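One structure below.
Residue numbers (my numbering): 10 to 920.
Okay, structure coming up:
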């Protein structure tokens with residue numbers, strides 16, 4: 010299929026010349042700057058689809074498997090997703106099924122992604138906060154389109170993913186920095202996120218990644234100077250930039266869009282200190298209703314959510330007394346996804362605006378100013394910086410249909426804001442005074458803001474001072490171990506400007522009389538029976554961090570909590586410990602949200618609690634996937650399964666990068682769970698009824714119990730050789746929130762935080778001990794240390810550093826080292842690795858490598874070894890390698906004993 014046929018099949022039109030060129034040229038540009046309305050989204054997505062699915066083998070090989078589409082606003086995400094799904098479905102290339110409202114496929118109502126091996130289509134995924142069972146990260150070999158806001162995508166690219174399990178951070182870090190084409194859309198709205206995207210593009214070149222990794226920045230008002238950062242050079246417009254050529258501007262459809270008329274006037278209503286206090290909303294409501302025409306769409310864009318809510322309410326009060334009143338809708342970024350999607354599907358569907366009907370009025374914030382495909386007859390907009398105004402103008406007469414062939418003219422009406430009283434910062438937020446002054450000066454000189462009129466306007470905006478991500482910052486972010494206080498490095502200053510930082514909140518109900526804080530997230534033998542599960546993306550509402558602080562500070566009792574996976578418990582949230590990107594649980598009675606208004610911060614608005622279809626337990630350090638495919642699996646069989654799936658990954662990714670060290674990954678696969686031979690793990694396995702039935706005496710080594718119970722790792726006192734006389738330990742505090750089929754024996758010593766992967770890595774190093782520079786060649790040591798890292802990191806819980814966690818039980822003997830539930834002197838049995846080899850038994854585990862410095866018996870410390878590996882491969886490639894092993898482990902865990910993977914639920918996000 011050639012590119013013209015592809016466009017006809019997907020959009021019903023031939024491509025514009027620049028769209029066809031983008032698909033067929035040898036190299037992707039870095040910059041795409043074309044006017045609003047001429048198909049930037051289609052140009053990029055359809056070009057990528059054509060190159061990956063219909064291009065030659067050589068073209069496919071230089072086109073990354075993953076298209077990462079980054080947007081500044083949540084409003085744009087669902088629209089972009091629906092376009093991608095519809096286009097792929099029209100080509101018969103979508104990995105799943107699609108449901109439409111009618112046979113003409115005019116409106117997409119639902120879709121389901123199918124990632125089974127029988128479907129080789131392109132999948133489409135949206136990255137948002139909360140767990141949703143989307144297993145895109147289990148398929149690095151597949152073509153996929155990943156769509157999200159800069160908060161969700163950049164935080165993941167920096168190894169601190171907002172709104173997701175911390176133990177899955179390295180996977181998204183690896184997958185979003187290797188074999189990817191990043192598209193940064195509407196760059197003028199990204200603030201510091203734009204600078205970060207440039208730095209990350211530079212680092213992917215400097216630090217290297219597997220496969221092709223590129224970035225494309227695009228906007229109708231793109232300032233290429235903003236792409237010049239300390240590590241990223243300004244793109245050369247002659248070679249790295251694309252814009253409309255003469256062939257494009259002479260195209261009939263493009264000419265109609267570029268010549269669209271948009272007469273400009275100033276509103277009677279003005280925003281100043283007096284009107285903001287009283288009367289602004291009612292006066293503007295009257296002016297909007299006077300300008301609105303039946304059978305048409307009127308759009309009002311205001312700069313703050315509060316003013317948008319007030320105007321929405323004022324218009325509703327006016328129209329409620331009318332017999333035939335226009336529909337009134339409110340769009341901003343402070344809605345839960347469930348409510349926002351319903352509102353946007355209803356309000357942005359222009360086909361439901363009847364010529365004989367009363368029409369529709371949409372009141373919105375900046376959430377609608379870029380990329381949203383609507384064409385209003387009348388546009389009201391508050392004064393804003395020039396790039397934002399240009400984007401807002403693009404929502405008026407977008408298709409050039411008004412003012413021609415006897416139709417009514419379009420109208421753009423701007424609302425002035427008083428900028429003389431600089432103490433009234435609420436009037437100018439989220440913008441700066443001087444940006445508003447520059448925009449006003451330009452507006453006063455214009456009578457039309459159509460594309461042709463704007464083509465000669467050049468308002469130079471000074472570049473703001475922002476935080477710049479440097480190489481050292483990136484390297485520091487590679488380690489996901491929290492500091493001794495349990496805190497993580499803050500990345501918010503690299504994601505959004507300080508005033509735009511958000512937290513995400515959700516509401517649940519529990520008995521406040523019975524307990525002051527939420528119940529622990531217990532789960533029974535059925536994985537669907539999860540009590541008080543993790544947040545789902547449909548529940549989450551983004552709230553500015555300052556608003557959240559004020560709201561929580563006003564609560565008369567503690568109604569806000571966050572989950573701490575290290576302690577496996579809930580902690581109260583107050584205004585002093587809120588940080589950007591945090592997910593906060595609120596009791597339903599705290600209020601703060603109303604379905605039609607979104608976040609209000611008012612206690613009188615108590616939202617309903619969303620019922621979850623697929624509840625999942627909260628992430629915890631102690632979590633392990635023990636269910637597998639639903640039946641007990643012996644350790645050797647599991648190692649064999651994982652090794653097989655690693656080899657399959659090697660085959661499907663054969664064209665990715667010849668430098669990828671597959672031998673080390675396959676070796677790590679056969680060793681990754683050797684530590685499950687530890688008595689603490691095997692004792693926990695015997696809690697399973699299924700295992701006790703087939704192995705009542707515990708004579709075999711098991712990897713999976715077939716049940717999803719939270720494991721209770723413990724060692725019978727008599728089995729611990731270094732402290733045989735240790736006293737019994739109380740278990741009440743350690744088993745809270747855990748359900749089990751059998752009581753905990755009183756003579757067991759609990760191993761809170763036990764991590765079998767650390768035991769596995771130690772077993773590997775003991776088996777291949779390197780004691781000094783002369784004992785082995787550098788290549789052999791690199792091989793050994795990389796395998797050790799991959800083994801330890803395959804759950805995202807043990808990576809660069811080894812240290813004990815705050816919730817661990819100390820050994821009775823204070824001289825014994827301990828970390829992650831492993832005590833010095835523990836033993837490991839020999840294990841059949843499933844590849845014809847057997848691991849050596851470990852008579853007494855040594856944790857000497859967790860010390861700083863080099864020892865005579867074990868050589869360099871764990872940290873020193875891991876830093877050498879990180880610096881050799883670079884953070885992006887090393888994270889990708891650990892991701893490959895983790896994916897093979899997931900697939901092997903769901904194997905049915907013959908190596909076949911079931912198509913069941915997605916991997917547990919906790920593991």
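By construction, the Cβ of each residue, glycine as well, lies at the ideal position given by its N, Cα and C atoms. These figures come from a predicted structure and were not determined experimentally.
Start-to-end residues for the alpha helix (DSSP H) that takes in residue 776: First-last of the alpha helix (DSSP H) with residue 776: 765 to 776.
Nearest candidate by alpha-carbon position, reference residue 85, set 664, 342, 425 and 283: In terms of Cα proximity to residue 85, the closest of 664, 342, 425 and 283 is 342.
Residue 409 (DSSP reduced to helix, strand or coil): DSSP places residue 409 in coil when its eight states are reduced to three.
Can you tell me where the alpha helix (DSSP H) with residue 540 in it begins and where it stops? First-last for residue 540: undefined, no H or E at that position.
Spatially closest choice to residue 418 from 386, 291, 199 and 597, by CA coordinates: Residue 386 holds the alpha-carbon nearest to the alpha-carbon of residue 418 among 386, 291, 199 and 597.
Classify residue 1: buried if its beta carbon has 16 or more other beta carbons within 10 angstroms, exposed otherwise. Past the edges of the chain, shown from 10 to 920, lies residue 1, and the structure says nothing about it.
Which residue wins for smallest C-alpha separation from residue 589, given the options 571, 605, 578 and 596? Ranked by how close their Cα comes to the Cα of residue 589, the residues 571, 605, 578 and 596 have 571 in first place.
At 3 residues or longer, and completely inside the segment 331 to 409: list those beta strand (DSSP E) runs for me, N to C. Counting only runs of 3 or more, we get 336 to 340, 369 to 373 and 387 to 391.
C-beta contact flag for residue 238 and residue 207 at 8 Å: Contact flag set, yes.
Do residue 683 and residue 555 come within 8 Å of each other at the CB atom, strictly closer than that value? No, the pair does not count as a contact, with Cβ atoms beyond the cut-off.
Every unbroken alpha helix (DSSP H) within the segment 198 to 253, with a cutoff of 4 residues, ordered by chain: As far as the segment 198 to 253 is concerned, its whole alpha helix (DSSP H) runs of at least 4 residues are 201 to 215 and 246 to 249.
Contacting residues, own chain, Cβ-Cβ under 6 Å from residue 770 (five flanking each side not counted): Within the same chain, residue 770 has close Cβ partners 797, 800 and 801.
Please identify the residue among 395, 807 and 381 whose C-alpha is closest to the C-alpha of residue 630. Nearest option by C-alpha distance: 807.
Please determine if the segment 275 to 285 and the segment 414 to 433 are in contact, where contact requires at least 3 C-beta pairs separated by less than 8 Å. With a cut-off of 8 Å, the segment 414 to 433 and the segment 275 to 285 count as touching, because enough Cβ pairs lie within range.
Which whole-angstrom value describes the C-beta separation of residue 271 and residue 120, a residue pair presumed to lie in contact below a C-beta threshold of 8 Å? Going by Cβ atoms, the distance from residue 271 to residue 120 rounds to 35 Å, so no, they are not a contact pair.
Report the rounded CA-to-CA distance for residue 891 versus residue 449, giving the unit in angstroms. In a straight line, the C-alpha of residue 891 is about 53 Å away from that of residue 449.
Helix, strand or coil: which one does DSSP assign to residue 751? Annotation note: pLDDT 44 at residue 751 (below 50); position unreliable, no value reported.
Which first and last residues belong to the alpha helix (DSSP H) in which residue 458 is found? Boundaries cannot be given for residue 458, as no alpha helix (DSSP H) includes it and DSSP labels it neither H nor E.
Per the contact definition of three or more C-beta pairs closer than 8 Å, is the segment 834 to 847 in contact with the segment 683 to 698? Taking 8 Å as the limit for Cβ pairs, the verdict is that the segment 834 to 847 does touch the segment 683 to 698.
Could you compute how far the alpha carbon of residue 748 sits from the alpha carbon of residue 329? Note that residue 748 scores a pLDDT of 39, beneath 50, so its modelled location is shaky and nothing firm can be said.
Which residues in the same chain have their Cβ closer than 8 Å to the Cβ of residue 463, if we skip the five residues on either side of it in sequence? The answer, listed in chain order, is 399 and 402.
Locate the alpha helix (DSSP H) running through residue 103, then write down its first and last residues. Membership of residue 103 in any alpha helix (DSSP H) is not indicated, and neither H nor E is assigned to it by DSSP.
Using 8 Å as the threshold, is the C-beta distance between residue 518 and residue 618 below it? In contact: residue 518 and residue 618 (Cβ atoms closer than 8 Å).
Could you check which residue in 613, 31, 585 and 591 has the C-alpha nearest to that of residue 597? Ranking 613, 31, 585 and 591 by Cα distance to residue 597 puts 613 first.
Please report the straight-line C-alpha distance between residue 743 and residue 576, rounded to a whole angstrom. Note that residue 743 scores 44 on pLDDT, short of 50, meaning its location in the model is unreliable and no value can be drawn from it.
Alpha carbons only, please: which of 812, 877, 883 and 894 is nearest the one belonging to residue 858? The candidate whose alpha carbon is nearest that of residue 858 is 812.
On the CB-based measure, 16 or more other CB atoms within 10 Å of its CB, does residue 922 come out buried or exposed? This structure leaves residue 922 out entirely; the chain is present only between 10 and 920.
For the alpha helix (DSSP H) that contains residue 132, what are its first and last residues? Note, residue 132: premise wrong, no alpha helix (DSSP H); beta strand (DSSP E) at 132 to 136.
Check each candidate in 853, 862, 670 and 94 and name the one with the smallest Cα separation from residue 154. Comparing Cα positions, the closest option is 94.
Three-way DSSP call (helix, strand, coil) for residue 578 in this model: Strand at residue 578.
Can you tell me which of the three DSSP states residue 825 falls into? In the structure shown, residue 825 sits in coil (DSSP, three-state: anything other than H, G, I, E or B).
Quick check on the burial criterion: 16 or more other C-beta atoms within 10 angstroms. Buried or exposed for residue 127? So residue 127 counts as exposed.
Which residue marks the beginning of the beta strand (DSSP E) containing residue 553, and which one marks its end? Its beta strand (DSSP E) spans residues 550 to 553.
If you reduce the DSSP assignment to three classes, tell me which class residue 481 lands in. Helix, per DSSP.
Would you mind working out which of 395, 717, 680 and 356 sits nearest residue 775, comparing C-alpha positions? The shortest Cα separation from residue 775 among 395, 717, 680 and 356 belongs to 680.
Assigned secondary structure, residue 501 (DSSP; H/G/I helix, E/B strand, else coil): For residue 501, the three-state secondary structure derived from DSSP is helix.
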